[in-house]
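Enquirer: Questions regarding the structure given below will be posed in turn.
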Amino acid sequence: MLKKSIGIGLLAFAIILSGCGSTEESKPKPQPESPKTITSSDGSEWEVLKTVEGRDIIAELEQTTEETRIRDEKATKVVNQEDYKNGLFGKPSPDLAEEMTVQGIEGMVVIDAFNEVYGGYEGTANAGVTFFEWKSGGAKQSGIWIGIKNPDEKLNKLVSTLQEQVDNGEILAKYIYFYHAPHTEKEINTLTSTVFSSLDRVRRLHEKPDSVSASVSVDTITEDIEIGHDFITEDQKDILRKEFSDYKIVFEQEGKLVPTGDEPDITYPSDKTTTTPSTKGSYVVNVTDKGMTVVSAKARNYSGTGGKEEHFSAISVAYPDADKKLKVGQRVVVEYTGSISLSYPGQGRAKFVEVLPEYKPKNANLSESQVVKKAVEIADEKSTWVPAIRSIQYDEPSKVWKLSIRQGEETYELEIDDVIK
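Structure representation (structure tokens):
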């Protein structure tokens, strides 16, 4: 249960004994240590009940009943979901079942109560933080944590509200933790914005400021700062570390750094052709001076999550002077900078392109890119939908290339003579 102290000190009296010699009884007895307390901004003191995962627990719920039928029924429904059984959230296991039930039961109840008592998102963000921890992530126990920076009577009300639901058998006390947090979600958000502003200043100094990307996240628990990027130099890292010297900063380089100066943003294969067919990468189906459109050479099956059984991703890629570096029909691997929009085709920006060797059978006249280019020209006359190459084969006896094309909802076959014109 919740314990709140007003900081009553212990009075000690020194007894001076006189006489000859000394005895064990005359030695001063060690005084019991005062309990550790947290002083809130309103001057109230809150006793630290115990320490869990290095965090000071300032309130706790008591499991007052063994009759938990209401919760048990909800937990059974969670693990009986087809998505859980089919492994959509991971391989079914006791730990995963526990995580899903805690998130769906205690998590929902706690978050709703937290918002109700503290006045919605703004109130909870000003009060502290909430997060889940799981055994699968290395925690000693799974559960939801509520961190309060300056506890007051609202914490008492929150605990009382949740204790009622424990008493009713709706939730379990062991999965809910209240601790003294050194910061609030609002402070985390403010720090994140401040770091991002500094990072944006660094971005604008880059030779290609519109081609670089960066991300910032601040750990809810530790306040460690993680910066993802593809352009920051070592000197710039040192500047950022000094600016935010009170925090630990972890830099994560995302792929290659965006090329600058004379550094190339494209590579070509040393062996232009290969006799081995491949579905690696994406086909270039359109090029301009500003960019290109690429379509994956291999389909993905999303039927398991309610999507299409055969889906070819298509992306309109911003890539200056693409028409001088690439041609329709080539297979490429594109390394993107920043996010890709979810439209079809998607919208993205390339920072590096790798041109792959193209398939050319030993006795063929045409190469893969030449055949695909002809197929794309035919497809462009049929429809404005972006064409996808489902398959491409060379039939040597007939000297014909056979292709299967997917364009919108239509699928059709093409035969292209192996003749150079």
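Quick note: the sequence shown uses this note's numbering, first residue 3, plus one each step.
Ideal Cβ positions, reconstructed from N, Cα and C, are used throughout, including at glycine.
None of the values given here were measured: they were computed from a predicted structure.
When burial is assigned at 16 or more other CB atoms within 10 Å of the CB, is Leu174 buried or exposed?
Expert: Against the sequence shown, residue 174 aligns to sequence position 172. So Leu174 counts as buried.
Enquirer: So who's on the other strand from Ser43, going by DSSP bridges?
Expert: Against the sequence shown, residue 43 aligns to sequence position 41. Ser43 pairs with nothing; no bridge assigned.
Enquirer: Name, in chain order, the residues that DSSP records as bridge partners for Thr276.
Expert: As a position in the sequence shown, residue 276 is number 274, starting the count at 1. Tyr361.
Enquirer: Tyr304: buried (16+ other C-beta within 10 angstroms of its C-beta) or exposed?
Expert: By one-based count along the sequence shown, residue 304 stands at place 302. Burial call: exposed.
Enquirer: Gln238 lies in the alpha helix (DSSP H); which residues open and close that run?
Expert: Sequence index remark: in the sequence shown, residue 238 carries index 236 (1-based). Counting along the chain, the alpha helix (DSSP H) containing Gln238 begins and ends at 236-245.
Enquirer: If you draw a straight line from the alpha carbon of Lys38 to that of Asn158, how long is it in whole angstroms?
Expert: Within the sequence shown, residue 38 is the residue found at index 36, counting from 1. Within the sequence shown, residue 158 is the residue found at index 156, counting from 1. Distance between the alpha carbons of Lys38 and Asn158 is about 19 angstroms.
Enquirer: Taking three-plus beta-carbon pairs below 8 angstroms as touching, is the stretch 177-196 in contact with the stretch 215-228?
Expert: Result yes; three or more Cβ-Cβ pairs closer than 8 angstroms.
Enquirer: From Glu69 to Pro96, what distance separates their C-alpha atoms?
Expert: Translated into positions along the sequence shown, residue 69 becomes position 67. Translated into positions along the sequence shown, residue 96 becomes position 94. Roughly 21 angstroms between the two C-alpha positions.
Enquirer: Just list the alpha helix (DSSP H) runs in the stretch 266-349, keeping only unbroken ones of 4 residues or longer that don't cross its boundaries, in chain order.
Expert: Complete alpha helix (DSSP H) runs here, min 4: 324-327.
Enquirer: Would you say the stretch 374-383 touches the stretch 328-344, given that touching needs at least three Cβ pairs under 8 angstroms?
Expert: Verdict: yes, contact present.
Enquirer: At what residues does the beta strand (DSSP E) containing Ile59 begin and finish?
Expert: The residue given as residue 59 occupies position 57 in the sequence shown. Taken as a continuous stretch (DSSP letters only), the beta strand (DSSP E) holding Ile59 covers 57-61.
Enquirer: To the nearest angstrom, report how far apart Gln105 and Phe134 are at their CA atoms.
Expert: Position 103 of the sequence shown holds residue 105. Position 132 of the sequence shown holds residue 134. Between Gln105 and Phe134, the C-alpha separation is close to 8 angstroms.
Enquirer: Quick one, which of Pro359, Pro94, Val204, Arg333 has its alpha-carbon nearest Thr278's?
Expert: If you number the sequence shown from 1, residue 278 lands on position 276. Among Pro359, Pro94, Val204, Arg333, the Cα nearest to that of Thr278 is on Pro359.
Enquirer: Closest by CA to Phe354, which one among Val260, Trp403, Val286, Ser371?
Expert: As a first step, residue 354 is located in the sequence shown; it is residue number 352 there, counting from the start. Nearest of Val260, Trp403, Val286, Ser371 to Phe354, Cα basis: Val260.
Enquirer: Using CA atoms only, rank isn't needed, just tell me which of Ala390, Lys362, Arg203 is closest to Pro347.
Expert: For the purposes of this step, residue 347 is taken as residue 345 along the sequence shown, with counting starting at 1. When each option's Cα is compared against that of Pro347, the closest is Ala390.
Enquirer: Distance, Cα to Cα, Ala299 vs Leu405?
Expert: Position 297 of the sequence shown, counted from the start, is the residue given in the question as residue 299. Position 403 of the sequence shown, counted from the start, is the residue given in the question as residue 405. Those two C-alpha atoms are separated by around 12 angstroms.
Enquirer: Can Glu55 and Lys142 be called in contact, C-beta distance under 8 angstroms?
Expert: On the sequence shown, residue 55 is found 53 positions in, with the first residue counted as 1. On the sequence shown, residue 142 is found 140 positions in, with the first residue counted as 1. Contact: yes.
Enquirer: Identify the continuous alpha helix (DSSP H) that holds Val378 and give its terminal residues.
Expert: Position 376 of the sequence shown, counted from the start, is the residue given in the question as residue 378. Val378 -> alpha helix (DSSP H) spans 370-384.
Enquirer: How is Ala390 classed by DSSP in three states: helix, strand or coil?
Expert: On the sequence shown, position 388 is the one that residue 390 refers to. Strand at Ala390.
Enquirer: Could you name the residues of the same chain whose beta carbon sits closer than 7 angstroms to that of Asp264, not counting the 5 residues immediately before and after it, in chain order?
Expert: For the purposes of this step, residue 264 is taken as the residue at position 262 of the sequence shown. Here the set comprises nothing.
Enquirer: Is the distance from the Cβ of Gly130 to the Cβ of Thr186 below 8 angstroms?
Expert: The sequence position of residue 130 within the sequence shown is 128, counting from 1. The sequence position of residue 186 within the sequence shown is 184, counting from 1. A contact, by the Cβ cut-off of 8 angstroms.
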